[in-house]
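Numbers given in the numbering used here equal positions in the sequence shown, counted from 1, plus 103. Glycine included, every Cβ here is placed at the ideal spot set by N, Cα and C. To start, the structure under review is shown below, and the notes come after it.
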Amino acid sequence: MYDFDTPAPRTGTGAIKWDLRQSAFGNGGALPFWVADSDYMSPPEVVEALQAAAKNCVFGYTAPTQRYKDAVAGWIGRRHGWQIDTGWLVPSTGIVSELSNIVRCFTEKGDKVLIQTPVYDPFAGVVRDAGRTLVENRLLHDEHLRYTMDFEELARQLSAGVKMMLLCSPHNPVGRVWTREEVCRVAALCREYGVLLVSDEIHWDILMPGRAHFSAGSAGTDGNVIVLCAPSKTFNVAGLKCSNDIIPDAALRERLIKWKESFHMEGPNNMGLAACEAAYTHGGRWCDEQNAYLWENAALVRETFARELPQVRIAPLEGTYLMWLEISKTGLGSRAVCEKLNRAGAILNDGYRYGDDSFVRLNIACPRAQLRAGLDVMVDCLAGELKP
Ligand SMILES: Cc1ncc(COP(=O)(O)O)c(C=O)c1O
């Protein structure tokens with residue numbers, strides 16, 4: 104069994120989540136549940152691969168090897184049932200910067216780009232910062248806070264001149280793992296209206312019991328798709344800046360490669376490549392055990408709030424390690440709630456930044472003892488706001 108209970112030593116390492124607590128939130132002692140990385144150690148197999156690479160004592164220019172590409176393709180085939188050609192891979196240095204490249208490469212200033220809100224805030228950022236027009240397709244939810252897509256509105260919006268859709272799958276922050284039917288419907292609409300589908304699947308391995316990820320790449324898009332994935336969330340290697348674009352269509356792929364070359368952009372570095380290859384070669388069992396651990400963490404959150412503070416409702420977690428908590432009964436907006444939580448000693452993300460001020464986002468990828476201590480702080484603090 105792998106160890107998820109021992110905290111990783113992160114303070115003083117430059118870890119954004121820990122070392123920016125004081126400057127970003129004014130409370131350097133608060134427990135951090137914000138930035139989406141994990142507070143236990145990466146898999147030993149990944150650490151050993153990095154140590155072996157360091158032992159070589161050479162850190163020269165490195166290109167992705169065929170062995171690396173086979174490892175990525177093997178993982179995708181085994182874990183996600185999608186058989187890719189390794190020629191479709193375009194290794195990249197992070198998903199957000201790649202989303203920005205893709206928006207700029209395939210659309211013109213003023214073009215419409217659609218996102219589904221509430222969503223990870225850089226989605227709006229990469230569209231707006233490129234001078235493109237943001238089209239917001241609101242997700243719907245039922246009384247249990249289970250989210251679905253508004254397909255009628257989506258069809259109407261896509262038919263009205265949208266050039267690109269950014270899909271978040273699984274979805275941060277609402278925790279949905281889109282089903283095969285949902286993904287295929289999105290893909291069919293994009294095909295019908297000539298919209299390039301760009302699917303950010305960075306959370307695709309982090310699946311709760313009974314959930315299976317269905318990649319937009321296997322949704323019959325006729326090549327009209329770019330899938331972005333990375334080992335960064337699954338194996339806690341985000342700082343190594345290694346991600347992968349999968350672009351089945353040769354013309355799209357060549358266009359993006361040429362566009363990036365025109366800006367003299369480089370690919371991932373040797374340590375990122377080594378970590379990714381090791382993770383995708385040896386990380387299956389670790390990934391399964393992590394998912395089981397996260398599911399128990401999620402149960403702890405659900406049970407704690409159900410028992411202590413049922414006024415705070417929680418969206419069902421199907422995938423990702425990010426929980427979406429509804430705090431509207433406090434009568435406060437999410438930024439005010441987060442401000443109070445920060446001062447009390449727990450740092451969460453406000454839902455305002457993702458497009459819904461009635462929620463806050465809680466990262467549960469941490470040792471259980473840390474989560475338990477954080478929940479005590481959250482319950483105490485929010486109970487004060489929810490007194491009858
Ligand atoms: C949906 C989604 N995309 C991308 C990222 C960040 O990816 P990267 O660090 O590779 O830019 C995150 C991180 O939380 C995310 O949730």
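Taking 8 angstroms as the cut-off, does the segment 368-382 touch the segment 413-430 (at least 3 CB pairs, one atom from each stretch)? no
Does the beta-carbon of K160 have 16 or more other beta-carbons within 10 angstroms, so that it is buried, or is it exposed? The sequence given here has Cys at residue 160, not Lys. The residue in question, C160, is exposed, as its Cβ has fewer than 16 Cβ neighbours within 10 Å.
Using only the heavy atoms of ligand 1, determine whether one of them is closer than 8 angstroms to the beta carbon of I467. No, ligand 1 has no heavy atom inside 8 angstroms of this Cβ.
Limits of the alpha helix (DSSP H) - the one that V493 falls within: The requested residue 493 does not occur in the structure, where the chain is confined to residues 104 to 491.
Tell me E429's beta-bridge partners as DSSP assigns them. R416 and F462
From this set, V328, K215 and Q219, which residue's C-alpha is nearest P351's C-alpha? V328
Using DSSP with H/G/I as helix, E/B as strand and the rest coil, what is Y396? helix
Determine the extent of the alpha helix (DSSP H) in which S365 is found, giving its start and end residues. Segment A353 to S365, the alpha helix (DSSP H) holding S365.
Could you tell me whether any non-hydrogen atom of ligand 1 is closer than 8 angstroms to the CB of D303? yes
Any chance the CB of C271 is under 8 angstroms from a heavy atom of ligand 1? Answer for C271: yes, Cβ within range of ligand 1.
Ligand 1 heavy atoms versus the CB of I198: any closer than 8 angstroms? yes
Looking only at its chain, what residues have a beta carbon closer than 6 angstroms to the beta carbon of Y171, apart from the 5 residues adjacent to it on each side? L376 and E380
On the three-state DSSP scale, how would you describe H244? strand
Helix, strand or coil for T384 per DSSP? In the structure shown, T384 sits in a helix (DSSP, three-state: H, G or I).
Any idea which residues DSSP pairs M104 with across the strands? In the DSSP output, where bridge partners are listed per residue, M104 has none listed.
From the DSSP output, read off the bridge partner residues of A192. A small fix is needed here, since residue 192 is Leu in this sequence, not Ala. DSSP lists I349 as partners of L192.
Close Cβ partners of D483 (< 8 angstroms) along its chain, the five nearest in sequence each way excluded: A447
Inter-residue spacing [alpha-carbon to alpha-carbon] between P112 and N394: 22 angstroms
So, do the segment 400-411 and the segment 254-265 have three or more beta carbon pairs nearer to each other than 8 angstroms? Output reads no: the segment 254-265 does not touch the segment 400-411.
Local conformation of V440 per DSSP, three classes: helix
Is the CB-CB distance between V229 and L202 below 9 angstroms? yes
Could you check whether the Cβ of P225 sits closer than 8 angstroms to any heavy atom belonging to ligand 1? yes
Taking the runs of the alpha helix (DSSP H) that are 4 residues or longer, which of them lie wholly in the segment 251-279? 254-261
Where does the unbroken beta strand (DSSP E) through D303 begin, and where does it stop? L299 to D303
Compute every distance between the C-beta of N204 and the non-hydrogen atoms of ligand 1, then say whether any falls below 8 angstroms. no
Which residues does DSSP pair with A449 in a beta bridge? Its beta-bridge partners are L134.
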